[in-house]
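Visitor: Handing you this structure, nothing more for now.
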Amino acid sequence: MSRKRKSAALALGTAVLGSVILTATPATAASGSCKAGVDVCLYFNSNFEGAKYGLSGTRPHNGLKFGKGNGAGQYVKNNAASVHNMNTYLYVRVTYNSIGSNLGRLGYQTFPPGTKANLNSKMKNENAAQYVYHPGPPPKQLP
Numbered sequence: 379m380s381r382k383r384k385s386a387a388l389a390l391g392t393a394v395l396g397s398v399i400l401t402a403t404p405a406t407a408a409s410g411s412c413k414a415g416v417d418v419c420l421y422f423n424s425n426f427e428g429a430k431y432g433l434s435g436t437r438p439h440n441g442l443k444f445g446k447g448n449g450a451g452q453y454v455k456n457n458a459a460s461v462h463n464m465n466t467y468l469y470v471r472v473t474y475n476s477i478g479s480n481l482g483r484l485g486y487q488t489f490p491p492g493t494k495a496n497l498n499s500k501m502k503n504e505n506a507a508q509y510v511y512h513p514g515p516p517p518k519q520l521p
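Residues 379 to 521 in my numbering are what the sequence shown lists, from first letter to last.
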């Protein structure tokens, strides 16, 4: 390859990489707010105190960090002490292990729509994921 082509290829690669880096949203961006009617709000401390993280849907907690307050910057996974299910229609099950074939088999705590509670002694600071599902009896086998 000629020197001009090498320089052009290098410049193009650098420009593409730079644009990806500038537009990427960090996976660990802190969420210090919780949306009423939609989110599951996880709190760093018991009794809904300290830093919080609001998220919706079924997802693992790894890579997420708490927002402002006591515990800010700490990872959400294995650091939540209380939960508020702010969703008005869906149940949430906070699980001991991450999403996958073993979801909830090692332990979980269920929160009906609109409820909040401290995580029980098995789940406190052992949260790994959340599974959101429609009202009614929970599924016999989680995905």
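Positions of the beta carbon are idealized from the N, C-alpha and C atoms, including for glycine.
Roughly how many whole angstroms lie between the Cα atoms of A458 and M501?
Guide: 9 angstroms
Visitor: Ends of the beta strand (DSSP E) at A495?
Guide: Note, A495: beta strand (DSSP E), 494 to 496.
Visitor: What separation, rounded to the nearest whole angstrom, lies between the Cα atoms of T488 and S424?
Guide: So the two alpha carbons sit approximately 17 angstroms from each other.
Visitor: For I399, which residues from the same chain have a beta carbon less than 8 angstroms from its beta carbon, with the 5 sequence-adjacent residues on both sides left out?
Guide: Per-residue confidence for I399 stands at a pLDDT of 34, beneath the threshold of 50, marking its modelled position as unreliable; the derived number appears in the next sentence. So the list is empty, once near-sequence residues are dropped.
Visitor: Return helix, strand or coil for N463, following the three-state DSSP convention.
Guide: strand
Visitor: Excluding the 5 residues preceding and the 5 following Y469 in the sequence, name in chain order all residues of the same chain whose CB lies nearer than 8 angstroms to its CB.
Guide: N463, T488, F489, P490, P491, V510, Y511, H512, P513, P516
Visitor: Helix, strand or coil for F426 per DSSP?
Guide: helix
Visitor: Can you confirm whether F422, when its beta carbon is compared against all beta carbons of chain B, has any partner nearer than 7 angstroms?
Guide: Checking the listed chains, one finds no chain B in this structure; it contains a single protein chain.
Visitor: T406 by DSSP, collapsed to three states: which one?
Guide: Confidence is the limiting factor: at T406 the pLDDT is only 42, short of 50, which leaves the residue's position unreliable and the question unanswerable from this model.
Visitor: Please list the terminal residues of the continuous beta strand (DSSP E) segment that includes R471.
Guide: Here the beta strand (DSSP E) through R471 covers 469 to 473.
Visitor: Could you have a look at C412 and say whether DSSP puts it in helix, strand or coil?
Guide: Secondary structure at C412: coil, using DSSP grouped into helix, strand and coil.
Visitor: Give the DSSP-derived three-state secondary structure of L420 in the structure shown.
Guide: strand
Visitor: Are the beta-carbon atoms belonging to G435 and K443 less than 7 angstroms from one another?
Guide: no
Visitor: So, at 8 angstroms on beta carbons, what are the nonlocal neighbours of Y467 in its own chain, with the 5 sequence-adjacent residues on each side left out?
Guide: P491, H512, P513
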